[in-house]
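Engineer: My questions will all concern the structure given below.
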Amino acid sequence: MRYVNIPHTELNPSRVCLGSNRFGTLIKEPNAFALLDTFLEMGANFIDTAHIYADWIKGAQKSASEKTIGKWLKRSGNRDRVVLATKGGHPSLSTTHLHRMSKDEITRDLNDSLTNLQTEVIDLYWLHRDATDVPVEDIIEIFNDQVQAGKIRYFGCSNWSVERISAANSYAQNNDLQGFVASQLWWSLAQPNRAALTSPESQVVFGIKEAEFHRKSEMAVIPYSTQGKGFFSKLDKLGEKGLNDTDRDSFINDLNNHRSTQIKRLAKKYDVPVSHIVLSYLISQPFVTIPIIGSRTLDQLKDSLFAVNLILKSEEIANLSDPSINPKNARQRVKL
Ligand SMILES: NC(=O)c1ccc[n+]([C@@H]2O[C@H](COP(=O)([O-])OP(=O)(O)OC[C@H]3O[C@@H](n4cnc5c(N)ncnc54)[C@H](OP(=O)(O)O)[C@@H]3O)[C@@H](O)[C@H]2O)c1
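The C-terminal residue of the sequence shown carries number 847 in the numbering used here, and the numbering is unbroken.
Laid out in structure tokens, this is it:
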């Protein structure tokens, strides 16, 4: 396994992070435990969860993912072996237009998460969403208080614009405070159409602005939905006609058509499945990236962990990044 330092922290997680939004619900506890055990046995150590996972499932126990991970950490005695990340401050699912980013709301979520995860401290705490009417100064102060209180070690922002991240980190720097150490947002070679996003008004998709920002700032990106729900693997196996309506509506666009050809060519060249090219594209960027993997099965988990060994060349990355680099290849018409 390969590891990487998250700049401005003492955290040295594995090159991939295990996503867990279905743990304790669609992925039942014994299967979640098997995924977690195998992840650690193969040398990986970085786990991502959230206070809200997966409260949208009817009849689910509240914070089922955190509770499942907490139970596993307690039972296995593995707390010291993992870099543990969770998120809070997500709007209530019944009132998504109202933010929950006050000091009281964030503190309540964090205290709940510590209990659910059966731990005294979170290594990397994420603010799950943003609301632009909340001053960045307030957010930075709230999280520095939590660092001082010893409840979190570092914090990051999920689904934030680069403008807001810059403003928050400038305030932190000017006031000798800790700033955001990483950004978590949607980033996959499988460029999503609007239909792919569960909350398009509050999710942020990695684009050209983000690439420039992270290249300059060297701030880490810890992207989610990195396999685009397995889109390129399914397209490779089944062809466009074999896709279900959801995958077709979510990911069929000119950019992905162009990328599919490139991905298949590289998969052949390196003799690996297309899923490896999709992950290694993210790992091979010129700034620190730690893709979150959404493994449903042990086979998918092992496949993703093997992908970290492949580093693509910069010209291969450039060719996959944006068809405008080579306008003869494709037209970009992404329905966002
Ligand atoms: N911060 C946020 O707002 C946010 C939002 C979304 C997710 N997340 C985090 O990111 C994690 C992953 O998100 P996601 O589920 O959307 O990720 P994803 O990896 O894009 O999608 C997961 C699906 O991709 C397919 N897949 C996974 N590994 C594969 C492999 N090696 N080969 C072929 N297909 C593979 C599987 O599809 P099949 O099931 O069809 O086989 C799997 O269910 C979540 O668990 C959560 O921790 C964060």
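Glycine included, every Cβ here is placed at the ideal spot set by N, Cα and C.
#1: Using the rule of at least 16 other Cβ atoms within 10 Å of the residue's Cβ for burial, across every protein chain shown, is residue 749 buried or exposed?
#2: In terms of residues, what are the limits of the alpha helix (DSSP H) holding residue 817?
#3: Ligand 1 and residue 532: does the residue's C-beta get closer than 7 Å to at least one heavy atom of that ligand?
#4: With hydrogens ignored, establish whether the beta-carbon of residue 740 is closer than 7 Å to any heavy atom of ligand 1.
#5: State yes or no: is the C-beta of residue 581 nearer than 7 Å to some heavy atom of ligand 1?
#6: Ordered along the chain, which non-local residues of its own chain (more than five positions away) have a Cβ less than 8 Å from that of residue 717?
#7: Please report the straight-line C-alpha distance between residue 797 and residue 540, rounded to a whole angstrom.
#8: Between residue 544 and residue 582, what straight-line distance do the alpha-carbon atoms span, to the nearest angstrom?
#9: Check the C-beta distance from residue 535 over to residue 596 and give it rounded, since I have them as a contact under 8 Å.
#10: Under the rule that 16 or more other beta-carbon atoms within 10 Å means buried, what is residue 603, buried or exposed?
#11: Measuring straight from C-alpha to C-alpha, what distance separates residue 837 and residue 788?
#12: Straight-line CA distance for residue 661 to residue 728?
#13: Name the residue from 589, 647 and 628 whose alpha carbon lies nearest to the alpha carbon of residue 614.
#14: At what residue ranges does the segment 620 to 662 contain a whole run of the alpha helix (DSSP H), taking only runs of 4 or more?
#15: Indicate whether residue 692 and residue 724 have their beta-carbon atoms separated by less than 8 Å.
#16: From the DSSP secondary-structure annotation, give me the bridge partner or partners of residue 716.
#17: For residue 771, does the three-state DSSP call read helix, strand or coil?
Structural biologist: Quick answer:
#1: Position 238 of the sequence shown holds residue 749. By the neighbour-count rule (16 or more Cβ atoms within 10 Å), residue 749 is not buried but exposed.
#2: Locating residue 817 in the sequence shown gives position 306, where the first residue counts as 1. Counting along the chain, the alpha helix (DSSP H) containing residue 817 begins and ends at 809 to 818.
#3: Position 21 of the sequence shown holds residue 532. Answer for residue 532: yes, Cβ within range of ligand 1.
#4: Position 229 of the sequence shown holds residue 740. Indeed, a heavy atom of ligand 1 lies less than 7 Å from the Cβ.
#5: To locate residue 581, count along the sequence shown from 1; it is residue 70. A distance criterion of 7 Å places the beta-carbon of residue 581 beyond contact range of ligand 1, judged by its closest non-hydrogen atom.
#6: Mapped onto the sequence shown, residue 717 falls at position 206. Excluding positions up to five away in sequence, the list reads 696, 697, 698, 732 and 734.
#7: Your numbering for residue 797 matches position 286 in the sequence shown. Your numbering for residue 540 matches position 29 in the sequence shown. Distance between residue 797 and residue 540, taken at the CA atoms: about 37 Å.
#8: Here residue 544 is taken as the residue at index 33 of the sequence shown, counted from 1. Here residue 582 is taken as the residue at index 71 of the sequence shown, counted from 1. Approximately 9 Å between the Cα atoms of the pair.
#9: In the sequence shown, residue 535 corresponds to position 24, counting from 1. In the sequence shown, residue 596 corresponds to position 85, counting from 1. Going by Cβ atoms, the distance from residue 535 to residue 596 rounds to 17 Å, so no, they are not a contact pair.
#10: Here residue 603 refers to the residue found at position 92 when the sequence shown is read from its first residue. Exposed: under 16 other Cβ atoms inside 10 Å.
#11: Locating residue 837 in the sequence shown gives position 326, counting from the first residue. Locating residue 788 in the sequence shown gives position 277, counting from the first residue. Because the pLDDT of residue 837 is 41, which lies under 50, any placement of that residue in the model is unreliable, and the question is left without a value.
#12: The count along the sequence shown starts at 1 and reaches residue 661 at position 150. The count along the sequence shown starts at 1 and reaches residue 728 at position 217. Computed Cα separation, rounded: 27 Å.
#13: Start at 1 with the first residue of the sequence shown, and residue 614 comes out as number 103. If we check each option's Cα against that of residue 614, 647 comes out closest.
#14: Qualifying alpha helix (DSSP H) stretches, in chain order: 647 to 659.
#15: Within the sequence shown, the letter at position 181 stands for residue 692. Within the sequence shown, the letter at position 213 stands for residue 724. If you check the CB distance, residue 692 and residue 724 do not come in under 8 Å.
#16: For the purposes of this step, residue 716 is taken as residue 205 along the sequence shown, with counting starting at 1. DSSP lists 697 as partners of residue 716.
#17: Against the sequence shown, residue 771 aligns to sequence position 260. Reduced to three states, the DSSP call for residue 771 is helix.
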